[in-house]
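**Student:** In the UniProt record's numbering, the protein residues as written are 1 to 727. C-beta: ideal position from N, C-alpha, C; glycine also. The structure under discussion is supplied below as structure tokens; questions concerning it will follow.
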Amino acid sequence: MTLAKSLNAAKRLERTDKFDDAAKIYGDILARYPRNVNARKALESLSQRLRQASDPPAVVKARLAKGFAAGQFRVTATSAAELVREYQDSHFLWSLLGRCYLELGALDKSASCLTRACEIEPKSGESRTLLGNALKQQRKFHDAITQYSKVIEAEPDNLAALNNLGNTLATLGRFTEAAQHQATACKLAPQNAQLQYNHAGTLRQLGDLNGARDLYESAVKISPDFAAAHFNLGQINGLLGNRIEAIRNFDGALEVNADDDRSRVQKLHQMAHINDWSWPEEYQQHRRHLGLRGTACSPFAMLSMEDNPDLLRHRTQAYAEQQFSDVAPPLPARASKRPDRLRVGYFSADFHAHATMHLMGGLFEQHDPNRFEVVAYSYGPNRQDDSRKRLLSHVTHFREMSNVSNTNFVAAAQADKLDIAVDLKGYTGDNRSALFATRLAPVHMSYLGYPGTMGTPAFDYLIGDHTVCPPGSERHYSEHLMRMPHSYQINDDQRQISDRQFTREACGLPNDAFVFCSFNNSYKITPREFDIWMRLLAQVDDSVLWLLRSNEWSQANLQREAEARGIDPNRLIFADRMPQQDHLARQKVADLFLDTFIYNAHTTASDALWAGLPVLTLMGQQFASRVGASLLNAVGLPELITQSEGDYEARALELARSPDDLLGLRSKLTTNRNTAPLFQTEAFTRALERGFDMAFDRYLNGLAPDHLNVPELETGKTSLRPETVAA
1 MTLAKSLNAA
11 KRLERTDKFD
21 DAAKIYGDIL
31 ARYPRNVNAR
41 KALESLSQRL
51 RQASDPPAVV
61 KARLAKGFAA
71 GQFRVTATSA
81 AELVREYQDS
91 HFLWSLLGRC
101 YLELGALDKS
111 ASCLTRACEI
121 EPKSGESRTL
131 LGNALKQQRK
141 FHDAITQYSK
151 VIEAEPDNLA
161 ALNNLGNTLA
171 TLGRFTEAAQ
181 HQATACKLAP
191 QNAQLQYNHA
201 GTLRQLGDLN
211 GARDLYESAV
221 KISPDFAAAH
231 FNLGQINGLL
241 GNRIEAIRNF
251 DGALEVNADD
261 DRSRVQKLHQ
271 MAHINDWSWP
281 EEYQQHRRHL
291 GLRGTACSPF
301 AMLSMEDNPD
311 LLRHRTQAYA
321 EQQFSDVAPP
331 LPARASKRPD
341 RLRVGYFSAD
351 FHAHATMHLM
361 GGLFEQHDPN
371 RFEVVAYSYG
381 PNRQDDSRKR
391 LLSHVTHFRE
401 MSNVSNTNFV
411 AAAQADKLDI
421 AVDLKGYTGD
431 NRSALFATRL
441 APVHMSYLGY
451 PGTMGTPAFD
461 YLIGDHTVCP
471 PGSERHYSEH
481 LMRMPHSYQI
491 NDDQRQISDR
501 QFTREACGLP
511 NDAFVFCSFN
521 NSYKITPREF
531 DIWMRLLAQV
541 DDSVLWLLRS
551 NEWSQANLQR
561 EAEARGIDPN
571 RLIFADRMPQ
581 QDHLARQKVA
591 DLFLDTFIYN
601 AHTTASDALW
611 AGLPVLTLMG
621 QQFASRVGAS
631 LLNAVGLPEL
641 ITQSEGDYEA
651 RALELARSPD
661 DLLGLRSKLT
671 TNRNTAPLFQ
681 TEAFTRALER
691 GFDMAFDRYL
701 NGLAPDHLNV
711 PELETGKTSL
721 RPETVAA
């Protein structure tokens, strides 16, 4: 049949409504003559007629579309479901149904309807993108990626598919791939603030804080009312040390929404970092509801604002409810006896030169390899420094998880069949504590990194001691308390102190002065301590206060506050940061370390004691305000624990005026450093292992977690029976 006759035959079939036969002829013509314009146009026209024939009338489609736009998803879905029985090949109806079900959260129905829509019109980028969205919400991430990729293959400029593909890849921890697609989307739509925002979040995960900052800045310029972009820009600037800018960013979020407590808390925290002491007044104005309404607030940022453990627990529980959704129930006992080696997993972002490893390095060396198999899960910077190398040589397994999604992380940890999982981060920066919402092990513990309750049943135990968690404090914790026999804080008795001989002159200190010292982070210093410190300088001739140089604004503000209290600002001397071993050595030239109140020195106090510098503390109410007392009890210096601000000031003044008493304390500390429990790493490790045994023994016996008092072990005795105390 000639080309002309074939075209005429197809036209006749169209006139008699034999559309499929007509389409077949047009297809045959194009197979023989691929460039035939008449056949191609005729087939496209026929396809359009077929689509129109399979759809309900235009007025009905308009009514349904209007209902969907008005948010009437259930009513619209009901109408579309009735119509689809008659118009079974209507791409419009199947796609609309899928969208309605997606909005209603009926994900299985949505995916089914959108799959049918894609079968009818395989080239519909919109329907296929929506199908990807449904699959993503079903947590079928790889299937969603397949759908988005098909759209982009056909439509490289499809913004929705590019954005959603990038976001899904980021969910899986594939941040480099995610950033590539998000960057493409941003180039295609440079005025789309949401695209800039999403890309910024991925760059932050990749550690490109400057790139993330630039994109967040772009997002707030495009959309000044984008509160989340203001908030995240503030966080990035805080991480970069741009604290004044961070405060402005959080103020920007508060201008959009004055009830944005999350931004207010972060703003106050940044103000504390620079010692802008207008923050306590603003805090008092809002304290009744901060962290208790709307978007929950970081408990860590609020730790240093008030010493109120009851209030802190309420705030932390509110935060945990948003961070830990669908907490998995405890696991049933899977064995009748303790395995030969308990498998313990430690989870942290700080397995490198960091305060955590300064304390814990010796623990990993001392764990009994015959009774414990240690797995370290690292999701922080992959730094191959001495601390990391030391860790690698003593743990059984090391898992690098920094670019692994939470889903895959959980799967990997569960595949390791841990007996005990220990979170070392809590609510501190870069944590992934939400992993513990899914059961990683029969026993979950929180330890060291965060000095307070996690506020969630995801954790069975918090490791403390009788000082930081005294009897009667159980109500402050959602966890059961595992109290160590001395201090909860592990210390490394092999930590090296530099041989470098520091002089006061080299440290910028007067040779004949009495040197009060406080190397705490600036945000821990409040007017309460500072008033006392300035009165001490006024009463002790030729005394100075040696502080850590945290940032330029803090230094200027503290000097101004000193002058306002009648003290020469030059009597505040600021020390730059230096390598850990040198930092320990230089502390020997100070006379007395003055602790902060609401949030004590933790590792910083241990540093001072290890270096031979006495620490004076005021014991408060919450965990974070009792750490100094815990350390001093464990090093045999309870006489440096005070109970009130008046006692603290009087004791500091007494020691500054009594060189012999202070010398006696230093001598006692030097002796105790080698014998007291605080710096006995092996003994601490044995006690911790005993605590692990006690907790796991309860699990094996089908008993719920309970408060545990870990006994002081005698040499050679390793009983596994647990002891409990009532709540």
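What is the DSSP secondary structure of C507, counted as helix, strand or coil?
**Tutor:** The answer is coil: DSSP assigns C507 none of H, G, I, E or B.
**Student:** At what residues does the alpha helix (DSSP H) containing E131 begin and finish?
**Tutor:** According to the sequence provided, residue 131 is Leu. The question's Glu does not apply to it. G125 to Q137 is the extent of the alpha helix (DSSP H) around L131.
**Student:** Between which residues of its own chain and A608 is the CB-CB distance below 6 angstroms, once the five residues before and five after are set aside?
**Tutor:** So the list reads Q587, F593 and V615, once near-sequence residues are dropped.
**Student:** Give me, in chain order, the residues of the same chain whose beta-carbon lies closer than 6 angstroms to that of W277; leave out the 5 immediate sequence neighbours on both sides.
**Tutor:** The residues are P527.
**Student:** By Cβ distance, which residues of its chain are closer than 6 angstroms to K524, with the 5 residues on each side in sequence left out?
**Tutor:** Closer than 6 angstroms at the Cβ level, and outside the excluded window around K524, lie S304, T596 and Y599.
**Student:** Is the beta carbon of A441 sitting closer than 7 angstroms to the one on V327?
**Tutor:** Against a cut-off of 7 angstroms, the Cβ pair of V327 and A441 comes out as no contact.
**Student:** Which partner residues of E552 appear in the DSSP bridge assignment?
**Tutor:** According to DSSP, which records beta bridges pairwise, E552 is partnered with nothing at all.
**Student:** Counting beta carbon pairs with one atom in the stretch 419-430 and one in the stretch 183-197, are three or more of them shorter than 8 angstroms?
**Tutor:** Counting Cβ pairs under 8 angstroms, fewer than three are found: no touch.
**Student:** What number of angstroms, rounded off, separates the C-alpha of H352 from the C-alpha of R287?
**Tutor:** Whole-angstrom Cα-Cα distance: 37 angstroms.
**Student:** Give me the residue from A629, K41, V60 and S127 with the minimum Cα distance to D465.
**Tutor:** Answer by Cα proximity: A629.
**Student:** Excluding the five sequence neighbours on either side, which residues of its own chain have a C-beta within less than 6 angstroms of the C-beta of H480, listed in chain order?
**Tutor:** So the qualifying residues of the chain are Y461, P705, D706 and H707.
**Student:** Figure out for me which residue from A62, T295, A81 and N308 has the closest Cα to the Cα of A320.
**Tutor:** Closest option to A320, Cα to Cα, is T295.
**Student:** Give me the DSSP bridge partner(s) of S543.
**Tutor:** Answer is F514, bridged to S543.
**Student:** Have a look at the DSSP bridge pairing and note the partners of F372.
**Tutor:** Beta-bridge pairing links F372 to L342.
**Student:** Is L303 helix, strand or coil by DSSP?
**Tutor:** L303: helix per DSSP, three-state reduction.
**Student:** Which residue wins for smallest C-alpha separation from V540, given the options L653, A258 and R343?
**Tutor:** It is L653 whose Cα lies nearest to the Cα of V540.
**Student:** On the DSSP bridge list, what partners appear for E400?
**Tutor:** Answer is S378, bridged to E400.
**Student:** Roughly how many angstroms lie between the CA atoms of R85 and K66, to the nearest whole one?
**Tutor:** When rounded, the distance between both Cα atoms is 21 angstroms.
**Student:** Give the single residue among E712, L703 and P711 whose Cα lies nearest to the Cα of S336.
**Tutor:** Checking every option, the nearest Cα to that of S336 belongs to L703.
**Student:** Among residues of its own chain, excluding the 5 on either side of R313, which ones have a beta-carbon nearer than 6 angstroms to its beta-carbon?
**Tutor:** These residues qualify, in order along the chain: T453 and H476.
**Student:** Straight-line CA distance for L618 to A183?
**Tutor:** Their backbone Cα atoms lie some 52 angstroms apart in a straight line.
**Student:** Give me the Cβ distance between D225 and G362, rounded to the nearest whole Å; I'm assuming they're in contact under 8 angstroms.
**Tutor:** Incorrect: roughly 52 angstroms between the Cβ atoms, too far for contact.
**Student:** DSSP three-state label for P309, please.
**Tutor:** If DSSP states are grouped into helix, strand and coil, P309 belongs with the helices.
**Student:** What is the rounded straight-line gap between the Cα of I490 and the Cα of N408?
**Tutor:** Cα to Cα, the separation comes out at about 31 angstroms.
**Student:** Hey, how far is the Cα of H142 from the Cα of R174?
**Tutor:** Spanning the two alpha carbons is a distance of roughly 12 angstroms.
**Student:** Tell me the DSSP secondary structure of G464 in three-state form.
**Tutor:** Strand.
**Student:** Please state whether DSSP places M484 in a helix, a strand or coil.
**Tutor:** Three-state result, M484: strand.
**Student:** Whose CA, out of S90, D28 and L83, lies closest to the CA of S54?
**Tutor:** Nearest C-alpha to S54: S90.
**Student:** With a threshold of 8 angstroms on Cβ separation, who are the neighbours of R560 within its own chain once the five nearest residues in sequence on each side are excluded?
**Tutor:** Around R560: P569.
**Student:** Does any residue of chain D bring its CB to less than 7 angstroms from the CB of F324?
**Tutor:** In summary, chain D is missing from the structure at hand, where a single protein chain is found.
**Student:** Measuring CA to CA, which of A80, L135, H358 and R432 is closest to H602?
**Tutor:** The shortest Cα separation from H602 among A80, L135, H358 and R432 belongs to H358.
**Student:** Can you give me the Cβ contacts of L169 inside the same chain, cut-off strictly under 6 angstroms, excluding the 5 residues immediately before and after it?
**Tutor:** So the qualifying residues of the chain are E177 and A178.
**Student:** So, does the stretch 635-649 touch the stretch 683-690, judging by three or more C-beta pairs under 8 angstroms?
**Tutor:** Because the criterion of three Cβ pairs below 8 angstroms is not met, the stretch 635-649 and the stretch 683-690 do not touch.
**Student:** If we ignore side chains and look at the alpha-carbon of each, how far apart do residue 740 and E306 end up?
**Tutor:** A query on residue 740 cannot be resolved here, the shown segment of the chain reaching from 1 to 727 and no further.
**Student:** What number of angstroms, rounded off, separates the C-alpha of A726 from the C-alpha of W610?
**Tutor:** The predicted model places A726 with a pLDDT of 30, which falls under 50 and marks its position as unreliable; any figure quoted below should be read in that light. Looking at the two C-alpha atoms, the distance is approximately 35 angstroms.
**Student:** Which of the three DSSP states, helix, strand or coil, is assigned to P722?
**Tutor:** Residue confidence for P722 is low, a pLDDT of 32 falling below 50, so the modelled location carries little weight and cannot support an answer.
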